[in-house]
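Position 114 of the sequence shown, counted from 1, bears residue number 1568 in this note's numbering, the numbering being contiguous throughout.
Remarks on the structure that follows.
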Amino acid sequence: MNAARITAEELFDKQQERLDLRWVAGQKDGARRVLEAVETVARRPSLSGYLNIIYPNRVQILGTEELAWLDGLDARQRWETIHKIMDFRPLALVVSKGQPCPEDLRIAAEETDTPLWVSPRRGHELLNHLQYVLA
């Protein structure tokens, strides 16, 4: 891909078949969520990676451990964390292994127009592939 600029919608369209992606929320803003080349030269944020709320990645992957961590938070912490994730305005969030998408995460993604995708692929496969195509 190696584009100087790519939208969430373009990334989804180009990788949908390869990664078996399904768009579950936040589709309205897909053409406006943009990853620019200038962002790729900075050390942070990383282009893709597992959920990180300290150094957020542009494409955040939520695997089994990340969803379990969210499930372990009390209701207030969970709400604050999900809204913090959305405030970072990631290019997209991807839930791996075809796991059920938490309803509160789906609602927050829809309310903030944050692209939220689900894939049956394992997290490391998503990570390796997305890092390659976004490099």
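Beta carbons: idealized from backbone N, C-alpha and C, even for Gly.
Neighbourhood of residue i by C-beta distance below 8 Å, restricted to the same chain and skipping five residues each side
i               : result
proline 1510    : Pro1499, Ile1539, Phe1542, Pro1544
isoleucine 1536 : Leu1524, Asp1558, Leu1559, Ala1562
leucine 1521    : Val1549, Gln1553, Pro1556
leucine 1527    : Thr1535
Of the listed residues the options, nearest to residue i (C-alpha basis)
i               : options                            : result
glutamate 1573  : Val1587, Lys1551, Ile1561          : As written in the sequence, residue 1573 is serine, which differs from the glutamate given in the question. It is Lys1551.
leucine 1465    : Leu1527, Arg1560, Ala1529, Val1548 : Val1548
leucine 1580    : Ile1508, Asn1506, Ala1458, Gly1517 : Gly1517
isoleucine 1460 : Asn1506, Glu1490, Arg1530, Glu1471 : Glu1490
histidine 1583  : Ile1507, Ile1508, Asn1506, Ile1515 : Ile1515
Inter-residue Cα distance where the pair is residue i and residue j
i              : j              : result
aspartate 1483 : valine 1513    : 15 Å
glutamate 1534 : glutamate 1519 : 19 Å
histidine 1578 : aspartate 1467 : 21 Å
histidine 1566 : glutamine 1481 : The amino acid at residue 1566 is misidentified as histidine; the sequence shows threonine. Using only the alpha carbons, I get a separation of about 10 Å.
glycine 1503   : alanine 1529   : 25 Å
Residues near residue i by beta carbon distance below 7 Å, same chain, minus five either side
i              : result
glutamine 1469 : Leu1475, Val1587
arginine 1575  : Leu1473, Asp1474, Ser1550
The alpha helix (DSSP H) enclosing residue i, as first and last residue numbers
i            : result
alanine 1522 : 1518–1525
leucine 1581 : 1577–1588
Where the beta strand (DSSP E) containing residue i begins and where it ends
i               : result
isoleucine 1507 : No beta strand (DSSP E) contains isoleucine 1507, which DSSP labels as neither H nor E.
6 Å Cβ shell around residue i - same chain, five flanking residues per side excluded
i            : result
alanine 1479 : Arg1560, Ala1563, Glu1564, Leu1570
alanine 1462 : Gly1484, Arg1487, Leu1545, Ala1546, Pro1569
Contained alpha helix (DSSP H) runs [length at least 4] in the stretch 1523–1574, N- to C-terminal order = Considered as a whole, the stretch 1523–1574 harbours 1529–1541, 1557–1566 as its complete alpha helix (DSSP H) runs of no fewer than 4 residues, in chain order.
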